[in-house]
Structures are given as structure tokens and as C-alpha cells.
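Visitor: So the number in the working numbering is just where the residue sits in the sequence shown, counting from 1, plus 203. Have a look at this one.
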Amino acid sequence: MLPAGRHMGGAVHNGRMKPPKRLKSLIEEGLIDTVVRQLTSGKEAMVYVVRCGDETRCAKVYKEATQRSFRQAVDYSENRKVKNTRQARAMAKGTRFGKQAQEAAWQSAEVDALYRLAAAGVRVPRPHNFCDGVLLMELVTDADGAAAPRLNDVSLAPGQAREHHATLLIEVMRMLCAGVVHGDLSEFNILLGAAGPVIIDLPQAVDAAGNNHAARMLLRDVDNLRAFFGRFAPDLLDTEYGLEIWDLYQRGALRPDAALTGRFERQAGPVDVDGVMVEIDDARAENAARRLRLQPVQ
Ligand SMILES: Nc1ncnc2c1ncn2[C@@H]1O[C@H](COP(=O)(O)OP(=O)(O)O)[C@@H](O)[C@H]1O
Ligand SMILES: [Mg+2]
């Protein structure tokens, strides 16, 4: 059964619905011809299936910051690069201009990440346009051309689970090699497209090198994959790919095709990875991650 809130219909007539207000300017600009239906209304955005010429695409309409939930936590926005110093000061002060700037930075972070990751060969939806707080992108579809299900909505045989897990670890390594940590990777933000898993939902993606929380976020992303696929293939539950990947990254030895073992040998060294693991999701984790980042690489 599909979870509540998904595949919302609304009044759909002849394969189109009355366009929502937020999409009107895109229709006027000729970026969208018709709105077919609302796909979901999530925590941060509403997603619509739209027609553009003879293509079906997907329009992600970001909710206003005030309607959003938890994700605008400090670790996501920390060190996000803001070039204009007036903007940076306003963001720090929380003025109205600052809030607008922060909002724009949040939304365009997803667009930036999509372009950066697509260029790095990561399977993400192809972005088409970003206009008035709406991201127009490729609609990820299943073998029948319908909107692809989230991993959370499918059940997998053990072999499929291992295969998708391995594919996604390569994607995580490609992302990290491109300097990006997803930051909210889970079965809810991966679609099972006709050609395999596709990673979505990137507004909180962070710069791996410039963010004090990158290590913690990478480990959490990889742990989420382990927990999900481990439900179908319990042998995965013993693996430690996150620590292994982060260690390779820190030593400058990470390649997208690195042969991983799933094991990680803890040894006394410059990086107290054990400490990071124990303190994960703990109040002290932020400090630990900061210390981890500040360790000289030897
Ligand atoms: N490119 C896409 N193709 C198909 N479905 C999509 C696409 N982008 C988002 N969706 C659907 O919309 C839902 C919400 O999108 P997402 O980017 O995860 O936003 P949020 O979780 O912040 O609301 C996804 O779970 C997925 O079902
Ligand atoms: Mg999501």
C-alpha cells in the first residue's frame, strides 16, 4: 500500500489539472504546457507531473521556509558558500533580506548539486530549469513509464538488495569524489527507476571538504543504506562501508571504483574514528566531527 500523502489526485480532467498558483509563471513563460497531476506533497516540497512539449517532466515546488520542517539545521547551512558579503551578513543577522537570501541558497543548492553530480556521472534526475522557486527536472519512471516508486515502497529479494546496495555505494563514492555528501540519503530519497536506483532530494547536500559535519553525514547516509538493504539481506548489517569510504577519502585515496571490503580496521592513528562512531547522533557528535575535520592528514 502506498503511504498516505502519496500519489495525490486532486481534480484531474483529460490528463490535466487546474494549475496551482506557484506554477502559473512557468506556464506563462512557456516552460510548462500543462500540469497533469500532483505526485506528492512532502515535508519540504510539492511535486507535480507536468507536460512540456511532448515530454513529461516533474516540477518540484519548494515550500516557504516557515512551512518547512527540521532540515534547515545549522549543519546543513554551515559553510555553504555565499559569495556576496552583504548577503552573508544579512543571513547571519536573520533580516528579511537575509531570510530571502538563505531561502534562495537552500533552493539553488539542490540545483547546483544536481548539475555537479550529473557531471560526475551520478544517476540523478536531469535538471531542466530553475525558476521562481520551482525546479523542473526529468521525471524518473519505472519500466511502464509511470513515476518510479521510492525504495521504501518496494520489497526486494536478497540478491537485488545486495546489488542495489553495491550500486549505491559506488554512487556515494562518486558523489564524495565530486566533493558532495548527500546528507539525507535513505530509502525515501532514492527512486527505483527502470534502469536502477536514482538519487533525489538534494537541497541539504554539503561540500565534503568545507563542512564540519560532512563525516557524520556521510556515515549516516551509508548507515541508512545498510539498515534498509539489511532488512532484505541481513549479511549487510555487519558491514562498515561508511568508515571505510570516509577513511579512503581522508587519505586522498578514494576513487569511485575503489574495491571495498565492508570491513574497517580501527587502529590508533591520527583520526579517532571510534570516537566518531560512538558519539554519532549524540550531542557531542558535532564536536567530534569538528575535531575529525581538523586533524592533520598524514
Ligand atoms: N525527478 C523525480 N521523478 C519522479 N518522482 C520524483 C522526482 N522528484 C521527486 N519525486 C517524488 O516526489 C517525492 C518528494 O520529492 P523530494 O525531492 O524527496 O522532496 P521532499 O522529500 O523534500 O518533499 C519523492 O519521494 C518522489 O516520490
Ligand atoms: Mg524527500
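Glycine included, every Cβ here is placed at the ideal spot set by N, Cα and C.
Tell me the DSSP secondary structure of D278 in three-state form.
Guide: Low local confidence applies: a pLDDT of 46 at D278 is under 50, so the model's placement there is unreliable, and no value is given.
Visitor: Note down, in chain order, each residue of its chain lying with its Cβ closer than 8 Å to the Cβ of V277, except the 5 sequence neighbours on either side.
Guide: Confidence in V277 is poor, its pLDDT being 43 and thus under 50, which makes the residue's placement unreliable; the coordinate value appears in the next sentence. Nothing listed; no residue qualifies.
Visitor: What is the DSSP secondary structure of Q407, counted as helix, strand or coil?
Guide: coil
Visitor: Keeping to the same chain, check which residues put their C-beta closer than 7 Å to that of G218; ignore five residues upstream and five downstream.
Guide: Non-local C-beta neighbours of G218 in its own chain, meaning closer than 7 Å and more than five positions away in sequence, comprise V239, ordered along the chain.
Visitor: Compute the minimum distance between the beta carbon of D356 and the heavy atoms of ligand 2, and state whether it is under 6 Å.
Guide: no
Visitor: Alpha carbon to alpha carbon, how far is S358 from K221? Give it in angstroms, no decimals.
Guide: When rounded, the distance between both Cα atoms is 35 Å.
Visitor: Use the C-beta contact count for K227: other C-beta atoms within 10 angstroms, 16 or more gives buried, fewer gives exposed.
Guide: exposed
Visitor: When a residue counts only if its C-beta is closer than 5 Å to some heavy atom of ligand 2, which residues count, in chain order?
Guide: Listed by position in the chain, the residues whose beta carbon lies within less than 5 Å of some heavy atom of ligand 2 are N392 and D404.
Visitor: Given a cut-off of 7 Å on the beta-carbon distance, is the pair L440 and E390 in contact?
Guide: Cβ atoms of L440 and E390: not closer than 7 Å.
Visitor: Check whether the stretch 397–411 and the stretch 422–429 touch, using three or more Cβ-Cβ pairs below 8 Å as the test.
Guide: no
Visitor: Given R329, which residues of its chain have a CB within under 6 Å of its CB, disregarding the five upstream and five downstream residues?
Guide: E341
Visitor: Can you round the beta-carbon distance between V343 and L388 to whole angstroms, since I take them to be within the 8 Å contact cut?
Guide: That belief does not hold up - the Cβ atoms of V343 and L388 are roughly 16 Å apart, past 8 Å.
Visitor: Could you tell me whether the Cβ atoms of V337 and A262 are closer together than 7 Å?
Guide: yes
Visitor: Taking only runs of the beta strand (DSSP E) that begin and end inside the stretch 353–432, which ones reach a length of at least 3 residues, in chain order?
Guide: 393–396 and 399–402
Visitor: With distances taken Cα to Cα, identify the nearest neighbour of E232 among G301, A248, T298 and F333.
Guide: F333
Visitor: Is DSSP giving P437 helix, strand or coil here?
Guide: helix
Visitor: Cutting at 8 Å between CB atoms, please list the residues of its own chain near R377, excluding the five before and the five after it.
Guide: Around R377: L320, A323, G324, V325 and P459.
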